[in-house]
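Asker: Sharing a structure here in structure tokens format.
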Amino acid sequence: MAALIFIYLEHVRPVVDGVWHRARLTSVPAPGEHITMLCGLEAAAAFAPHGQRRARCIPTQCLPCDAAYREQLGWSAPNKPAGRSTKSKRKRQR
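So the sequence shown is numbered by this note's numbering: it starts at 21 and just counts up by one.
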């Protein structure tokens, strides 16, 4: 007999280096399987209990992932989102 644990893929928010991302998942990735976030970042899937989330850090939101997600849903995105600058702005600072 198996105890099923149902995972709603639309609610999965991968955390990479303390940043919450969004990914278009069609199935639960296997541990170590590479997944691509909406912002283009790739990372290997790993799993941890929800209770460990705050012990590691309090994640912040990936603004490029959020913008892509909103665009896919037809929602408006803020013109100047708060938070860290994008790569294009970093290039200008050099």
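Just so you know, even glycine gets a beta-carbon here, dropped at the ideal spot from N, CA and C.
None of the values given here were measured: they were computed from a predicted structure.
Could you give the distance in angstroms between the alpha-carbon of lysine 109 and the alpha-carbon of valine 48?
Answerer: Model confidence at lysine 109 stands at a pLDDT of 46, short of 50, so the residue's coordinates are unreliable and nothing is read from them.
Asker: DSSP on alanine 17, reduced to helix/strand/coil?
Answerer: The structure shown does not extend to residue 17, since the chain is modelled only from 21 to 114, so the question has no answer here.
Asker: Tell me the DSSP secondary structure of histidine 41 in three-state form.
Answerer: For histidine 41, the secondary structure class from DSSP, reduced to helix, strand or coil, is coil.
Asker: Find the nearest neighbour of aspartate 37 within the set Ser96, Leu93, Gln81 and Tyr89, judged by alpha-carbon distance.
Answerer: Gln81
Asker: Could you spell out where the beta strand (DSSP E) holding threonine 46 opens and where it closes?
Answerer: Looking at the DSSP string, threonine 46 is not in any beta strand (DSSP E), and its letter there is neither H nor E.
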